[in-house]
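Below is one structure; the comments refer to it alone.
In my numbering, the protein residues as written are 18 to 267.
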């Protein structure tokens, strides 16, 4: 598959202040402008069903990355996420989205990233390796993102200690460009009583006082509502149609 061209806006991104970082997004390959510090994000475009052999078989059909299953019944949640992204007065804000496995967290985040990119945001998932590489290389209290940016982190509990370091530095960032930075964390369970929550957002003292004001809502995670029965039925019907009478995905 040939690489996607770098959008003109990414080629000529404007950066404000000192020690700034341009976020570059190019499918899953994430082409980086040489000599410019960067955070690599991905929208997993190469796993979409039209591009990937991994979409074949039941596991591929049910994977959120392949987009084989229709995205339905989450309009209210998406609208609420956009209110958080665009209307929250804080330059840096973190939301934790919680739901059991298979509830559609990842599919929702992928859809949100697609919408954000279409609206001129830099948006995508960040891998564990990239999360650590970027933190080791950059002082996040001096990071300057040039455009509205959405960073999605799946399996947040496994990254809790490193996220705590990220948030501690971001809490002191002046965000002089005026562009919002939003971090969406996905996890199956999250509340202030859990160990990983304290690692990420502080167990007390100065870290908690600095980091917890970044949270939206400030008292804990956002619980993803269960998909209404009407839409669960539509998803099931779509799966049956995709599998067909042969028992194999079309």
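We treat Cβ as the ideally placed atom computed from N, Cα and C, and that holds for glycine.
These numbers come from a predicted model, not from an experiment.
Which of helix, strand or coil does DSSP assign to residue i?
| i | result |
| --- | --- |
| residue 88 | coil |
| residue 257 | helix |
| residue 155 | coil |
| residue 46 | Only weak support is given to the placement of residue 46: the predicted model assigns it a pLDDT of 47, under 50, and the value that follows is read from those uncertain coordinates. The answer is coil: DSSP assigns residue 46 none of H, G, I, E or B. |
| residue 232 | strand |
| residue 32 | Because the pLDDT at residue 32 is just 38, under 50, the model does not fix this residue reliably, and the value given afterwards should be weighed accordingly. Of the three classes helix, strand and coil, the one that applies to residue 32 here is coil, per DSSP. |
| residue 241 | coil |
| residue 98 | helix |
| residue 63 | helix |
| residue 207 | coil |
| residue 105 | coil |
| residue 82 | helix |
Classify residue i as buried or exposed, calling it buried when 16 or more other Cβ atoms lie within 10 Å of its own Cβ.
| i | result |
| --- | --- |
| residue 245 | exposed |
| residue 144 | exposed |
| residue 59 | buried |
| residue 139 | buried |
| residue 212 | exposed |
| residue 106 | exposed |
| residue 210 | exposed |
| residue 201 | buried |
| residue 81 | buried |
| residue 164 | buried |
| residue 123 | buried |
| residue 56 | buried |
| residue 193 | exposed |
| residue 242 | exposed |
| residue 83 | buried |
| residue 226 | exposed |
| residue 146 | exposed |
| residue 219 | buried |
| residue 257 | exposed |
| residue 191 | exposed |
| residue 195 | exposed |
| residue 96 | exposed |
| residue 223 | exposed |
| residue 270 | The question about residue 270 has no answer here: the residues shown for the chain are numbered 18 through 267. |
| residue 133 | buried |
What residue does the alpha helix (DSSP H) around residue i start on, and which one ends it?
| i | result |
| --- | --- |
| residue 129 | 122–135 |
| residue 223 | 222–228 |
| residue 216 | 212–218 |
Within the continuous beta strand (DSSP E) that includes residue i, where are the two ends?
| i | result |
| --- | --- |
| residue 112 | 109–115 |
| residue 56 | 55–57 |
Task: Three or more C-beta pairs below 8 Å linking the stretch 202–210 and the stretch 167–182 - done: Judged by Cβ distances under 8 Å, the stretch 202–210 makes contact with the stretch 167–182, as three or more pairs qualify.
Open item on the list: For the pair the stretch 79–94 and the stretch 234–251, tell me if three or more CB-CB distances fall below 8 Å.
Closed with: The stretch 79–94 is in contact with the stretch 234–251.
Task: Segments assigned alpha helix (DSSP H), at least 4 residues, entirely inside the stretch 140–205 - done: Correct list: 145–154, 177–187.
Open item on the list: Across the stretch 218–233 and the stretch 106–114, are there enough close Cβ pairs to call them in contact, namely three or more that are closer than 8 Å?
Closed with: Between the stretch 218–233 and the stretch 106–114, the count of C-beta pairs closer than 8 Å reaches three or more; the two stretches touch.
Task: Sufficient close CB pairs (3 or more, under 8 Å) joining the stretch 115–129 to the stretch 154–161 - done: Not touching, per the Cβ criterion.
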